[in-house]
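The sequence shown stops at residue 247 when you use the working numbering, and every number in between is there. Quick reminder that beta carbons are idealized off the backbone N, C-alpha and C, glycines included. Owing to the predicted nature of the structure, the values given are computational and were not obtained by experimental measurement.
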Amino acid sequence: VTNLVTYATCPKRYFWTAVDPLPRRPSHAARRGIEIHRRIELHNLGTVPLTDAEGYDLVTTDRPPRGDPFAAYLSSRFAAQRPQFVEVAFELVLSPTVNVKGRIDAIYERSPGSWEIVDFKTGRRSANPAVKVQLEVYAIAAREANLATDPPRTIEVAFVYLGDGLDVVTERVDETWLGEAHEHLESLTGAILEEEFVETPSPQCQWCDFLAFCPPGRAFLRGLDTVGAGPR
């Protein structure tokens, strides 16, 4: 799933991440994110840690936390509820040649057959529209990837940002939404199979590990500086 978000953000960044990998900068934010995810998982399971955390969700945040993400989680309704499923691994078959693997942080069942699928984010709300791909994959997986014996009748998918208090971004899923999500994912995966890896500069270039190798990205950011809207 992370790679699809990366491709939707910038195909060239995906190329340098997954196809012909270049060295990446160590990320304190990514390590901190893994730690917080692990603490949330253990809280939900009611256990103590015996294994190392897995680095399954390492999309660099464009807005790091201001406060304590775990404290924000503990004061939220999510900490007071026991999820129906925790750390749900899945494999979604989109076509004979495309499988998407991922892991869902938590699924809350508000009532029988009514799911709220949650992805916890330790930063603040992202300005990157490509992150919606993650929710699209999760919603389709809930319907098609056999996450439970009985698939849900109704679905909501949500990013729960914990970096500056609690900020919940929810998408309510219906058949139209799912159809558009399918089309979007098919477009992305089709472009990957066609090896379309063109640089796509955006404000996200500020946080790209590969900026030194990307003249279009550097030129884009210089343009932002020129109009007084440079990196913050």
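Could you say which of the options lies nearest to residue i if we only look at CA atoms?
i	options	result
residue 146	199, 107 and 122	199
residue 108	210, 46 and 116	116
residue 47	28, 81 and 160	81
residue 229	156, 28 and 140	28
residue 111	84, 36 and 208	208
residue 30	105, 224, 93 and 95	224
residue 55	95, 21 and 164	95
residue 151	177, 165 and 203	203
residue 159	58, 84, 106 and 16	106
Given residue i, which residues of its chain have a CB within under 8 Å of its CB, disregarding the five upstream and five downstream residues?
i	result
residue 154	132, 170, 172, 186, 188, 192, 193 and 196
residue 24	143, 145, 215, 217 and 219
residue 130	99, 122, 123, 124, 157, 167, 169, 170 and 171
Going along the chain, which residues of its own chain have a beta-carbon closer than 6 Å to the beta-carbon of residue i, five neighbours each way excluded?
i	result
residue 33	18
residue 206	none
residue 180	87
residue 91	181
residue 140	176 and 182
Put residue i into one of helix, strand or coil per three-state DSSP.
i	result
residue 161	coil
residue 212	coil
residue 231	helix
residue 240	helix
residue 277	What is shown of the chain runs 16 to 247, which leaves residue 277 out entirely.
residue 8	Summary: the structure shown does not reach residue 8, with the chain confined to residues 16 through 247, and so no result is reported for it.
residue 65	A caution first: residue 65 carries a pLDDT of 36, below 50, which makes its placement in the model unreliable, though a value can still be read off. Coil, per DSSP.
residue 137	coil
residue 82	coil
residue 46	helix
residue 187	strand
residue 225	coil
residue 74	Caution applies to residue 74, whose pLDDT of 46 falls short of 50 and renders its modelled position unreliable; the value that the coordinates give is listed next. Looking at residue 74 - three-state DSSP - the assignment turns out to be coil, as it is neither helix nor strand.
residue 152	helix
residue 175	strand
residue 101	strand
residue 96	coil
Just list the residues that DSSP pairs residue i with in beta bridges.
i	result
residue 106	116
residue 130	124 and 170
residue 182	176
Please look up how many angstroms separate the CB atoms of residue i and residue j, rounded, as I've assumed it's under 8 Å.
i	j	result
residue 167	residue 138	In fact, because the Cβ distance is near 28 Å, the residues do not count as touching under 8 Å.
residue 149	residue 124	So it is not a contact: roughly 21 Å between Cβ atoms.
residue 101	residue 37	Not a contact, Cβ separation roughly 34 Å.
residue 175	residue 135	5 Å
residue 84	residue 51	5 Å
Got a sec? Which residues, its chain only, sit under 7 Å from residue i by beta carbon, not counting five neighbours each side?
i	result
residue 103	118, 119, 122 and 162
residue 233	226
residue 240	none
residue 20	74, 145, 146, 148 and 149
residue 64	Interpretation of residue 64 is limited by its pLDDT of 39, a score under 50 that renders its predicted location unreliable; the figure taken from the coordinates is listed afterwards. Only 53 and 57 meet the Cβ criterion.
residue 39	224
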